[in-house]
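The structure under discussion appears below in the form of C-alpha cells.
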Amino acid sequence: MLDPIQSEANQIIKQLETDLEKGNLDQTKYLGKRGLFRKLAQKIKDVPPEKRQQAGKLINQVKKTLETKVRQHLKTPSIPTNSIDLTTPGEKPKVGHLHPISQAIEEISRIFERIGFIRVRYPEVDWDWYVFESLNMPPNHPARDEWETFFVDRPDTTGEIEYDERDPRKRHPSLIGGGKLVLTTHTSNSQVREMERLKKPPIRMINIARCYRRQQDATHTQMFHQFEGLVIDKNITIQDLKGTLNYFAKKFYGPEVKSRIRPFHFRFTEPSFEVDFSCHICGGTGKVNGKKCKLCKSGWHEVGGAGMVHPNVLKAGGIDPDKYTGFAFGWGVERTYTLKPGLNIDDIRQFYGNKVEFLKQF
Ligand code: PHE
132 MLDPIQSEAN
142 QIIKQLETDL
152 EKGNLDQTKY
162 LGKRGLFRKL
172 AQKIKDVPPE
182 KRQQAGKLIN
192 QVKKTLETKV
202 RQHLKTPSIP
212 TNSIDLTTPG
222 EKPKVGHLHP
232 ISQAIEEISR
242 IFERIGFIRV
252 RYPEVDWDWY
262 VFESLNMPPN
272 HPARDEWETF
282 FVDRPDTTGE
292 IEYDERDPRK
302 RHPSLIGGGK
312 LVLTTHTSNS
322 QVREMERLKK
332 PPIRMINIAR
342 CYRRQQDATH
352 TQMFHQFEGL
362 VIDKNITIQD
372 LKGTLNYFAK
382 KFYGPEVKSR
392 IRPFHFRFTE
402 PSFEVDFSCH
412 ICGGTGKVNG
422 KKCKLCKSGW
432 HEVGGAGMVH
442 PNVLKAGGID
452 PDKYTGFAFG
462 WGVERTYTLK
472 PGLNIDDIRQ
482 FYGNKVEFLK
492 QF
C-alpha cells in the first residue's frame with residue numbers, strides 16, 4: 132500500500148535534484164501550500180488505518196530530505212560555469228613601492244632639511260666649467276684623471292664670442308656660450324652654480340643627483356648617485372663640518388655610529404678629508420668576539436670626501452674668500468645606503484639589474 136507513495140516521493144526528490152543542478156530552485160513548487168509535497172501528504176487519506184503510522188513516518192522523512200537539500204543548496208549555491216558571480220570579492224591590485232635608492236634619497240633629504248639645508252637640482256649634463264674648471268681644475272690638470280669622464284659631443288662654439296684663455300671668468304660658458312659638455316662625474320658641479328644662484332651667503336645646500344663615470348664592478352656602476360652638501364657663511368669652521376657629519380651618521384645609521392675625518396687631497400677644498408663612519412657591527416673596534424670584524428675589517432667604513440671650500444672656488448662663484456668660509460662634502464648614495472645595518476648587499480649593480488625579486492625586498 133505504501134509503494135505508490137514511496138515511488139512518488141522518489142520522483143519528487145529526483146525532480147528537486149535536477150532543478151538544483153540546473154540552478155533554478157523554486158521552493159514553493161516543492162514545499163509551498165500547493166506544492167508537490169503537500170499533494171503527496173494528502174495521499175495519507177487513502178492509506179488503511181493500520182499502515183497510517185508507517186506512512187506518516189515516510190512522509191515526514193520526505194519532508195526532511197526536501198528541506199535539507201534546499202538548505203544545503205542555499206548555503207553553497209552551485210554556479211553554472213558560464214555565468215559570472217558578482218558577489219565574489221575582487222583581486223587586490225598589486226601595490227609597488229619606491230626603488231630602494233629613491234627611498235634612500237628621500238631619507239637623506241629629510242635628514243638634511245631638518246637642519247636647514249635646501250635641496251636643489253642642477254643639470255646632469257653640465258659644462259666642463261662647473262664640473263672641473265670652476266673647482267680649481269684648469270684644462271689638462273692631472274687631478275681631473277681621478278674622474279673618468281664621459282664627454283658629450285657637440286659643435287665647438289669656442290671662440291665665437293670673446294674668449295680669454297688667461298681669465299677664468301672669460302672662459303665661463305654662460306658668458307661665452309662655449310666649452311665642453313660632460314656628464315656630471317660628481318655632484319660638486321652644484322657648488323659654483325648654487326653660489327651664482329644665491330649671489331650672497333648664507334648658503335646651505337643639499338644636492339642629490341645622478342653621476343656618471345667610466346667604471347663598472349661590484350662597487351661601481353656607470354651611473355650612480357651622489358649627495359653634495361655645501362655650507363657657506365661667516366666663520367664656518369671644520370667644527371661645523373664635523374658636527375654635520377656626526378649628525379648625519381647618527382640619524383642615518385643609528386645613535387651609536389660616529390664619523391671620523393682623515394687628511395686627503397682635493398683641488399676644490401683646503402684642507403681636504405676623507406670621511407669614515409664607524410662600523411655598526413663592531414662599534415668601530417674592528418673586532419667581534421676577539422676576531423676581525425667581517426664587515427669592515429678595520430672598524431671604519433670610508434664613504435666619501437669633504438673639506439673647507441677652496442678660496443679659488445669661492446672666487447669662481449663670486450664670493451669674497453676674505454669675508455666668507457665654507458665646507459663641502461660629497462658621497463655616493465648607493466655606498467652610503469648599503470652600509471645600513473641589516474642590509475647585506477655586496478654588489479651594487481643589483482640595484483640597476485631590474486630584478487623585481489631583488490627590489491621587492493626593500
Ligand atoms: N666630489 C668629490 C668626489 O666625487 C667629493 C667631495 C665633495 C670632496 C665635496 C670634497 C668636497 O669624490
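The opening residue of the sequence shown carries number 132 in our numbering; numbering runs sequentially from there.
Ideal placement from N, C-alpha and C gives every residue a C-beta, glycine not left out.
Here the structure is a predicted model, which is why all the values come from computation and not from measurement.
Report task. Return helix, strand or coil for Ile369, following the three-state DSSP convention. Result -> Looking up residue 369 in the sequence shown gives position 238. Residue state, collapsed to three classes: helix.
Query - First through last residue of the alpha helix (DSSP H) which encompasses Pro231 - result: Position 100 of the sequence shown, counting from 1, holds the residue named residue 231. From DSSP, the alpha helix (DSSP H) with Pro231 extends over Pro231 to Glu244.
Report task. Please report how far the alpha carbon of Ser429 lies from the alpha carbon of Glu488, in whole angstroms. Result -> Counting from 1 along the sequence shown, the entry for residue 429 is found at position 298. Counting from 1 along the sequence shown, the entry for residue 488 is found at position 357. Rounded to whole angstroms, Ser429 to Glu488 spans 33 Å at the Cα level.
Query raised in the report: In angstroms, rounded to a whole number, what distance separates the CA positions of Thr352 and Tyr343?
Result: Mapped onto the sequence shown, residue 352 falls at position 221. Mapped onto the sequence shown, residue 343 falls at position 212. Their Cα atoms are separated by approximately 8 Å.
Requested in this report: Provide the residue span of the beta strand (DSSP E) that contains Thr456, from first to last.
Outcome: If you number the sequence shown from 1, residue 456 lands on position 325. Here the beta strand (DSSP E) through Thr456 covers Thr456 to Gly463.
Query - Buried or exposed by the 16-neighbour rule on C-beta atoms within 10 Å, applied to Gly421 - result: Indexing the sequence shown from 1 puts residue 421 at position 290. Classification of Gly421: exposed, given that the 10 Å Cβ count is below 16.
Query raised in the report: Going by the CB atoms, is the gap between Arg480 and Gly435 shorter than 9 Å?
Result: In the sequence shown, counting from the first residue as 1, residue 435 sits at position 304. In the sequence shown, counting from the first residue as 1, residue 480 sits at position 349. Cβ distance not < 9 Å, so Gly435 and Arg480 don't count as in contact.
Report task. Would you be able to state if there are at least three C-beta pairs under 8 Å between the segment 267-287 and the segment 224-231? Result -> Because the criterion of three Cβ pairs below 8 Å is not met, the segment 224-231 and the segment 267-287 do not touch.
**Report entry** Distance cut-off 8 Å: Glu279 Cβ against heavy atoms of the ligand PHE
**Finding:** The residue you call residue 279 lines up with position 148 of the sequence shown. Checking every heavy atom of the ligand PHE against the Cβ of Glu279, none is found closer than 8 Å.
Query raised in the report: So what does DSSP say about Ser429, is it helix, strand or coil?
Result: As a working note, residue 429 is residue 298 in the sequence shown. In this structure, Ser429 counts as coil in the three-state DSSP scheme.
Query raised in the report: Quick one: is the Cβ of His317 within less than 8 Å of any heavy atom of the ligand PHE?
Result: Against the sequence shown, residue 317 aligns to sequence position 186. It does: the Cβ of His317 is within 8 Å (strictly closer) of some heavy atom of the ligand PHE.
**Report entry** Pairwise C-alpha distance: Glu405 and Ser319
**Finding:** Translated into the one-based positions of the sequence shown, residue 319 becomes position 188. Translated into the one-based positions of the sequence shown, residue 405 becomes position 274. Computed Cα separation, rounded: 15 Å.
**Report entry** Contact between the segment 447-456 and the segment 358-376 (3+ Cβ pairs under 8 Å)
**Finding:** yes
Query raised in the report: So what does Tyr343 bridge to, in DSSP terms?
Result: In the sequence shown, residue 343 corresponds to position 212, counting from 1. Bridge partners of Tyr343: Met354.
Query raised in the report: Roughly how many angstroms separate the alpha carbons of Glu238 and Val464, rounded to a whole number?
Result: Counted from its first residue, the sequence shown places residue 238 at position 107. Counted from its first residue, the sequence shown places residue 464 at position 333. Going by the C-alpha atoms only, they are around 11 Å apart.
Query raised in the report: From the DSSP output, which residues share a beta bridge with Asp134?
Result: By one-based count along the sequence shown, residue 134 stands at place 3. DSSP lists no partner for Asp134.
Query raised in the report: Hey, would you say the C-beta of Gly462 is under 8 Å away from at least one heavy atom of the ligand PHE?
Result: By one-based count along the sequence shown, residue 462 stands at place 331. Looking at the sequence shown, residue 462 is not Gly but Trp. Result yes, Cβ under 8 Å from the ligand PHE.
Requested in this report: Note down the Cα distance separating Asp407 from Ala437, rounded to an integer number of angstroms.
Outcome: Counted from its first residue, the sequence shown places residue 407 at position 276. Counted from its first residue, the sequence shown places residue 437 at position 306. Their backbone Cα atoms lie some 11 Å apart in a straight line.
Query raised in the report: Within 10 angstroms of its Cβ, does Pro180 collect 16 or more other Cβ (buried), or is it exposed?
Result: Within the sequence shown, the letter at position 49 stands for residue 180. Per the 10 Å Cβ criterion, exposed.
Query raised in the report: Under a three-way DSSP split, which group does Asn338 fall into?
Result: On the sequence shown, residue 338 is found 207 positions in, with the first residue counted as 1. In this structure, Asn338 counts as strand in the three-state DSSP scheme.
**Report entry** beta strand (DSSP E) segment containing Pro394, residue limits
**Finding:** Within the sequence shown, numbered from 1, the residue matching residue 394 stands at position 263. Counting along the chain, the beta strand (DSSP E) containing Pro394 begins and ends at Ser390 to Phe397.
**Report entry** Closest by C-alpha distance to Gln494, when choosing among Lys206, Tyr483 and Asp134
**Finding:** Outside the displayed range of the chain (132 to 493) lies residue 494, so it cannot be described from this structure.
**Report entry** Beta-bridge partners of Arg183, as assigned by DSSP
**Finding:** Residue mapping note: residue 183 aligns to position 52 of the sequence shown, counting from 1. Looking at the DSSP assignment, Arg183 forms no beta bridge with any residue, so it has no partner.
Requested in this report: Would you mind reading off the limits of the alpha helix (DSSP H) that contains Arg328?
Outcome: Counting from one through the sequence shown, the residue named residue 328 turns up at place 197. That run of the alpha helix (DSSP H) goes Asn320 to Leu329.
Report task. For Leu151, I'd like the list of residues in its chain whose CB is within less than 6 Å of its CB, leaving aside the five on either flank, ordered along the chain. Result -> The count along the sequence shown starts at 1 and reaches residue 151 at position 20. Closer than 6 Å at the Cβ level, and outside the excluded window around Leu151, lie His204.
Query raised in the report: Got a sec: does the ligand PHE put a non-hydrogen atom nearer than 8 Å to the Cβ of Ala340?
Result: Taking the first residue of the sequence shown as position 1, residue 340 is located at position 209. It does not: the Cβ of Ala340 is nowhere closer than 8 Å to a heavy atom of the ligand PHE.
Query raised in the report: What are the start and end residues of the alpha helix (DSSP H) that includes Arg169?
Result: Here the question's residue 169 lines up with position 38 in the sequence shown. Where Arg169 is concerned, the enclosing alpha helix (DSSP H) stretches over Leu167 to Gln173.
Query - Bridge-paired residues (DSSP) for Ile363 - result: If you number the sequence shown from 1, residue 363 lands on position 232. Ile334 and Gly457.
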